[in-house]
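Enquirer: Reminder that position 75 of the sequence shown reads as 74 in numbering that gives the first Met the number 0, one-by-one numbering, no gaps.
Encoded as C-alpha cells, here's the structure I'll be asking about.
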Amino acid sequence: MYRRVFVAGTFDRLHKGHKFLLRRAFEIGDQVDIGLTTDTYVNKFKNQKSKGKIDKIQEYEKRKKNLEFWLSGGKKHFAVIPIDEPYEPLVSNAAAGPDTALLVTPDNKKRGEEINVLRKSRGLALLSIVEVPLIPAEDVKPISSTRIRAKEIDRSGRLVMPDNLRPELQKPLGSVLTGNAIMQSIERHMGQSIIAVGDMATKTILDSGVVPALAIIDGKIGRKVDVRTKKQLLLLAIPTVAVQSGPGYVSYEAIKIISSFLASDTGNQRIKKHQVIVVDGEEDLLVLPAVQYASFGSVVYYGQPRIVDVLGKPRITRSDKSSGLVEVIATKEKKQEVAVLLARFLS
Numbered sequence: 000m001y002r003r004v005f006v007a008g009t010f011d012r013l014h015k016g017h018k019f020l021l022r023r024a025f026e027i028g029d030q031v032d033i034g035l036t037t038d039t040y041v042n043k044f045k046n047q048k049s050k051g052k053i054d055k056i057q058e059y060e061k062r063k064k065n066l067e068f069w070l071s072g073g074k075k076h077f078a079v080i081p082i083d084e085p086y087e088p089l090v091s092n093a094a095a096g097p098d099t100a101l102l103v104t105p106d107n108k109k110r111g112e113e114i115n116v117l118r119k120s121r122g123l124a125l126l127s128i129v130e131v132p133l134i135p136a137e138d139v140k141p142i143s144s145t146r147i148r149a150k151e152i153d154r155s156g157r158l159v160m161p162d163n164l165r166p167e168l169q170k171p172l173g174s175v176l177t178g179n180a181i182m183q184s185i186e187r188h189m190g191q192s193i194i195a196v197g198d199m200a201t202k203t204i205l206d207s208g209v210v211p212a213l214a215i216i217d218g219k220i221g222r223k224v225d226v227r228t229k230k231q232l233l234l235l236a237i238p239t240v241a242v243q244s245g246p247g248y249v250s251y252e253a254i255k256i257i258s259s260f261l262a263s264d265t266g267n268q269r270i271k272k273h274q275v276i277v278v279d280g281e282e283d284l285l286v287l288p289a290v291q292y293a294s295f296g297s298v299v300y301y302g303q304p305r306i307v308d309v310l311g312k313p314r315i316t317r318s319d320k321s322s323g324l325v326e327v328i329a330t331k332e333k334k335q336e337v338a339v340l341l342a343r344f345l346s
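Pasting the structure below:
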C-alpha cells in the first residue's frame, strides 16, 4: 500500500476505463488525490488534439460533480484537485516521494516519467509510477472519452450505431410482405432454414405452423412486453441462450452466438437444430449478423417497423397489419451488402 496515490485526467463522460483506473487507485492507496483538468487546461492543451471537438468536452464543474457522485458510493479518503498545468502539482510537491504512487496508463506513462525527471532536476524524491492497462471496448480498441464524444461507443465500451448508417437501416433489406403474401412466403420457403428476428416475426412464423431454425427475440412487440411468443417457444423445448445487445448497438457476444449457431447450419430445415436467442436490450439490429452468417438460401424475416422505431422515427404500431414483415433471402449479393453495413458498424 502507498500512503498516497495520485491520478490525473479530464474524466470527461466518466466511463468504464476511468472507473477501472480509479478503483485500482483505491486498492493500492490510503489516500487518493484525483487531479481533474480545469476548463483552462482543456482550452489550452486539448484544442489541437480535439480537432474541433473541444466544445463537446464537458465543463469542469459538471465533470467534477459526476466524478464526486460516483466516488461517493463507498470510496473514502479522496480529494479532487483542479489542475491547470500538465506537470502540476506533483512536479513541485516536496512532500511526495517513493511512498506516493502516480497511476498512469500506456497513453500518459511518458508524462509520468517526465514528472520524475523534473523532480530529480529539482532535487526532489522520485515518485513510484504504477501503470494500469487501458480497458478495451467491444472492438478491442481502448475505451476513451474521445470515442464516446464521437458516438463510436457508449460509456461501457459497447459499439454505437453511426449516424451515417441510420438512413440506410431505414430501408428494408428485402421484400416487404403484407397480408396473404406473408403466409405464401413462409410456405414457399419451408424447405430452407428460416430465421426470425423479433417477437412479431417469430410469432407470425410459429402461428403458421413452422418452427424457425433460429429465433431472436427480446420479449417486446413495439414498446409493449410480449410473453406469448416466449411461452410458445418454451413449450417447444428449444435450447435458449441469453445475450445483451442494443438498443442502438450490436454486441460482439451476440454476433459470436449467432455466427456459431449458423456455422453448423446446412440450410435444410428438416435436419437442423433449433435455437432461441433472448436479447436483453433490443434485437432489431441483429438482423445484420443473422443475414451475414446465414447459409446460402436461408430466409430471414424481421419486422421493418421495429427498425424504424430504433432510429427514433415515427413508429408504426404492431396493430397495423399492413406493416407486415421483411423477407430477406441470404444470397451472395445480399450477404455482401449486409457485411458492408456491419463492417461500418464495427469499424
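A virtual CB, placed ideally from N, CA and C, is assigned to each residue, including glycine.
From a predicted model like this one, the values you see are computed outputs, not experimental measurements.
1) Is residue 299 buried or exposed, if buried means 16 or more other CB atoms sit within 10 Å of its CB?
2) Considering just the uninterrupted stretch of the alpha helix (DSSP H) at residue 16, what are its terminal residues?
3) Counting only the same chain and skipping the five closest in sequence on each side, list residues whose C-beta sits under 8 Å from that of residue 113.
4) With DSSP as the reference, please indicate the residues paired to residue 195 in a beta bridge.
5) With a threshold of 16 other CB atoms inside 10 Å of the CB of residue 94, please say whether the residue is buried or exposed.
6) Rounding to the nearest angstrom, what Cα-Cα distance links residue 333 and residue 290 in this structure?
7) If you drop the 5 nearest sequence neighbours on each side, which residues of the same chain put their C-beta closer than 7 Å to that of residue 117?
8) What are the residues that DSSP puts in a beta bridge with residue 5?
9) Using a Cβ distance threshold of 8 Å, determine whether the stretch 251-262 contacts the stretch 224-237, with at least three qualifying pairs required.
10) Are the beta-carbon atoms belonging to residue 12 and residue 147 less than 8 Å from one another?
11) Please classify residue 274: does DSSP put it in a helix, a strand, or coil?
12) Can you tell which of 194, 152 and 174 has its C-alpha closest to the C-alpha of residue 14?
13) What residue from 209, 139 and 58 has the CA that sits closest to residue 183's CA?
14) Going by CA-CA distance only, name the one from 170, 22 and 278 that's closest to residue 256.
15) Could you tell me which residues DSSP pairs with residue 171 in its beta bridges?
16) Considering only C-alpha positions, which residue in the set 217, 251 and 246 is nearest to residue 239?
17) Could you tell me the distance, in whole angstroms, from the CA atom of residue 326 to the CA atom of residue 168?
18) Looking at the unbroken beta strand (DSSP E) that takes in residue 77, where does it start and where does it end?
19) Give me the Cα-Cα distance between residue 41 and residue 9, rounded to the nearest whole angstrom.
Expert: In this structure, then:
1) By the neighbour-count rule (16 or more Cβ atoms within 10 Å), residue 299 is buried.
2) Element bounds for residue 16: 15-27.
3) Same-chain partners within the cutoff: 86.
4) Beta-bridge pairing links residue 195 to 214 and 300.
5) So residue 94 counts as exposed.
6) Between residue 333 and residue 290, the C-alpha separation is close to 8 Å.
7) Here the set comprises 86 and 90.
8) Under the DSSP definition of a beta bridge, residue 5 partners with 32 and 101.
9) Result no; under three Cβ-Cβ pairs closer than 8 Å.
10) Yes.
11) Shown here, residue 274 sits in a strand according to DSSP, grouped into three states.
12) Closest by alpha carbon: 152.
13) The candidate whose alpha carbon is nearest that of residue 183 is 209.
14) Measuring C-alpha to C-alpha distances from residue 256 to each of 170, 22 and 278 identifies 278 as the nearest.
15) Answer by DSSP bridge pairing: none, since residue 171 is not bridged.
16) Comparing Cα-Cα distances from residue 239 to each of 217, 251 and 246, the minimum goes to 217.
17) Distance between residue 326 and residue 168, taken at the CA atoms: about 15 Å.
18) Residues 77-82.
19) Each residue's Cα considered, the two are about 8 Å apart.
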